[in-house]
Amino acid sequence: MSLHQDIICSTPISEEGLAHACGLFFRQIRSHRERLMDYYLGRQSVPKGEAVRGRPDNRLRVPFPRYITQVQTGYFLGQPPTLAFDRSEEGAVFSALPDAPHFPCLLYEAARDASVCGMGALLAWLDKSGPRVCRCDPMSVFFLRSGAAGSPIQAGVRLFQEEGSVVRGVLYEPERLRTFALEHGGVRFETEEENLLHAMPLIPFYNNSEGSGDFEAVTGLVDAYNLLLSGALDDMQSVANAFLALYGMQGTTQEDIDQANRSRILSLSEGGRAEFVVKNLNHEALGQLEGNLRRSILQLSMTPDLSDQNFAGNASGVALQYKLWGIEQVRSAKEQAFTDGILALLEALAGGLATLGRPVTFRAKPAFYKNLPQDAAALSETLLTLSPILSRRTILERLPYVDDPEEEERRKEREEMNLEE
Numbered sequence: 039m040s041l042h043q044d045i046i047c048s049t050p051i052s053e054e055g056l057a058h059a060c061g062l063f064f065r066q067i068r069s070h071r072e073r074l075m076d077y078y079l080g081r082q083s084v085p086k087g088e089a090v091r092g093r094p095d096n097r098l099r100v101p102f103p104r105y106i107t108q109v110q111t112g113y114f115l116g117q118p119p120t121l122a123f124d125r126s127e128e129g130a131v132f133s134a135l136p137d138a139p140h141f142p143c144l145l146y147e148a149a150r151d152a153s154v155c156g157m158g159a160l161l162a163w164l165d166k167s168g169p170r171v172c173r174c175d176p177m178s179v180f181f182l183r184s185g186a187a188g189s190p191i192q193a194g195v196r197l198f199q200e201e202g203s204v205v206r207g208v209l210y211e212p213e214r215l216r217t218f219a220l221e222h223g224g225v226r227f228e229t230e231e232e233n234l235l236h237a238m239p240l241i242p243f244y245n246n247s248e249g250s251g252d253f254e255a256v257t258g259l260v261d262a263y264n265l266l267l268s269g270a271l272d273d274m275q276s277v278a279n280a281f282l283a284l285y286g287m288q289g290t291t292q293e294d295i296d297q298a299n300r301s302r303i304l305s306l307s308e309g310g311r312a313e314f315v316v317k318n319l320n321h322e323a324l325g326q327l328e329g330n331l332r333r334s335i336l337q338l339s340m341t342p343d344l345s346d347q348n349f350a351g352n353a354s355g356v357a358l359q360y361k362l363w364g365i366e367q368v369r370s371a372k373e374q375a376f377t378d379g380i381l382a383l384l385e386a387l388a389g390g391l392a393t394l395g396r397p398v399t400f401r402a403k404p405a406f407y408k409n410l411p412q413d414a415a416a417l418s419e420t421l422l423t424l425s426p427i428l429s430r431r432t433i434l435e436r437l438p439y440v441d442d443p444e445e446e447e448r449r450k451e452r453e454e455m456n457l458e459e
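Per our numbering, the sequence shown starts with residue 39, numbered consecutively.
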């Protein structure tokens with residue numbers, strides 16, 4: 039559950055209640071997500087203030103948010119999860135669904151959206167080929183929760199802009215879908231149809247129980263880092279525009295200065311000197327502050343620094359586990375949140391198949407894997423040693439070069455049958 043991302047609606051959803059919820063979404067939730075997306079895309083403002091006329095005005099945006107999202111999402115779902123169905127028949131039915139091959143990609147997109155905005159969403163619907171699934175833009179989706187204990191999801195809302203000032207949307211409920219128009223701050227329901235999935239078709243995938251993004255807590259530090267580098271570059275460029283101070287110069291008219299520029303010779307009296315007036319830059323202090331900010335950004339977002347020497351190939355396993363302890367906590371929270379989303383999606387897909395006259399119950403347990411470099415030979419040897427006590431399915435699921443354990447089992451069975459014949 040994530041009250042940070044969703045809106046409480048304690049009464050049956052009416053036109054007035056939905057209009058109020060849409061207003062809250064535009065003013066609070068979407069504006070917050072757009073701000074985080076700007077950080078991810080490198081479009082955020084750099085809080086420098088107005089630059090002095092003639093002074094350089096660099097506004098650097100170091101892509102820490104993109105780095106954090108890519109590392110966190112890649113570690114979590116870079117290796118696709120698997121589904122262990124209670125019965126092999128259920129797995130075969132799932133594998134035959136139109137979008138089953140794209141399931142890992144859809145989950146990865148939802149995880150990336152969740153890493154940035156705190157929540158991603160997938161939409162299931164039914165057509166002649168069977169239940170389908172697609173990603174939804176988090177800038178156009180929000181959920182309504184009831185005021186009951188546990189605040190269960192009551193409905194999902196997807197908005198899309200049309201020409202003019204009219205915003206249209208769909209209200210997704212377990213038993214019906216209602217289209218509506220949002221205009222001049224009011225909502226007008228238009229059409230209503232049965233929900234052929236008989237389950238919530240719009241499914242949230244939260245990043246964690248709070249619904250917060252992976253770099254949301256360090257945006258202030260990212261601003262400070264960008265401000266530091268932007269100001270340092272301004273100072274370095276200002277050296278090229280420094281003033282030349284002349285002491286004891288015999289000719290100071292503009293003609294004398296122009297002649298000195300042409301001849302590259304200065305005529306100075308005894309004891310005279312020439313020097314540039316520049317701002318003294320403490321590069322050591324700047325470097326120390328830059329390093330402290332960098333470490334704070336990565337540590338507080340629980341993201342490992344892959345340039346750290348402790349990630350070298352000769353580091354011990356214990357040292358690597360210590361370095362990955364933070365990201366492991368993030369991955370664990372993501373896994374718990376995504377398990378709920380996957381099970382809700384399977385329920386919606388099963389409902390669509392039941393409508394088509396192919397009833398099935400997808401009872402499955404998702405299994406997630408850390409996306410780490412692996413010594414395939416050593417792993418295979420270990421699994422072979424454990425083969426007397428592990429099932430063949432477990433061994434296949436752990437092998438990095440086996441994409442579909444169920445299909446691999448079926449191939450093995452066919453080979454054995456052919457050999458017997």
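Each residue gets a CB set at the ideal place from its N, CA and C atoms; glycine is no exception. Since the structure is predicted, the reported quantities are computational estimates derived from the model, not experimental observations.
Contact between the stretch 107–121 and the stretch 140–154 is established, with three or more Cβ pairs separated by less than 8 Å.
Here the C-alpha atom of Ala312 lies approximately 21 Å from the C-alpha atom of Met274. Taking Trp163 as the centre and dropping the five residues before and after it, the same chain places the C-beta of Arg170 and Pro239 closer than 7 Å to its C-beta, in chain order.
Taken in chain order, the complete beta strand (DSSP E) segments of 3 or more residues contained in the stretch 257–344 are 281–287 and 306–315. Taking the CA atoms as reference points, Arg173 sits about 15 Å from Val154. If you draw a straight line from the Cα of Gly310 to the Cα of Leu304, it is about 10 Å long. Taking all protein chains shown into account, Asn245 has 16 or more neighbouring C-beta atoms within 10 Å of its C-beta and is therefore buried. Taking 9 Å as the cut-off, the beta carbon of Glu328 is found closer than this to the beta carbon of Leu266. When C-alpha distances from Ala57 are compared across Phe227, Gln326 and Thr257, the shortest belongs to Phe227.
DSSP places Asp165 in the strand class (E or B) of the three-state scheme. Taking a contact to require three or more Cβ pairs closer than 8 Å, the stretch 359–367 and the stretch 127–139 do not qualify as touching. Counting C-beta pairs with one atom in each stretch, the stretch 397–409 and the stretch 247–256 have fewer than three that are closer than 8 Å, which means they do not touch.
Secondary structure in the stretch 425–458: the alpha helix (DSSP H) runs of 4 residues or longer, each lying completely within the stretch, are 430–436 and 443–458 in chain order. Collapsing the DSSP output to three states places Met157 in a strand.
Glu213 and His236 do touch by the CB rule: their CB atoms are close to 7 Å apart, below 8 Å. By alpha-carbon distance to Pro404, the top candidate from Leu387, Gly379 and Gln297 is Gly379.
When the five nearest sequence neighbours on each side are left out, the beta carbons in the same chain lying within less than 7 Å of the beta carbon of Pro85 are those of Asp261 and Leu265, in order along the chain. Taking Ala414 as the centre and dropping the five residues before and after it, the same chain places the C-beta of Pro438 and Tyr439 closer than 7 Å to its C-beta, in chain order. The three-state reading of DSSP puts Val90 in coil, since its state is none of H, G, I, E or B.
Separation of Leu234 and Phe198 (C-alpha to C-alpha, rounded to the nearest whole angstrom) is 22 Å. Rounded to the nearest whole angstrom, the C-alpha separation of Ser345 and Val131 is 44 Å.
Assignment of beta-bridge partners to Phe123 by DSSP yields Ala402. When C-alpha distances from Leu384 are compared across Glu254, Ala89 and Ser133, the shortest belongs to Ser133. The beta carbon of Tyr263 sits closer than 8 Å to those of Val100, Phe102, Glu328, Leu331, Arg332 and Ile335, all from its chain and outside the five residues before and after it, given in chain order. Exposure of Gln374 is indicated by the presence of fewer than 16 other C-beta atoms within 10 angstroms of its C-beta. Under the DSSP assignment, Ala186 falls outside any alpha helix (DSSP H); it carries neither an H nor an E label. In the structure shown, Glu232 falls within a strand segment according to DSSP collapsed to helix, strand and coil. Under the Cβ criterion (8 Å, minimum of three pairs), the stretch 384–394 does not count as touching the stretch 180–190. Per DSSP, Phe218 is one residue of the beta strand (DSSP E) stretching across Arg214 to Glu221. Tyr407 carries a coil assignment under DSSP once its states are collapsed to helix, strand and coil. Under the DSSP assignment, Ala193 falls in the beta strand (DSSP E) whose first and last residues are Ile191 to Gln199. Checking the DSSP bridge columns, you'll see Phe243 partnered with Gly158. For Val84, no beta strand (DSSP E) run applies, since DSSP gives it neither H nor E.
Across the structure, Gly168 and Tyr407 are spaced so that their CA atoms are roughly 29 Å apart. An exposed status is given to Ile427, since fewer than 16 other beta-carbon atoms sit within 10 Å of its beta-carbon. The Cβ atoms of Val205 and Thr217 lie no closer than 9 Å to each other.
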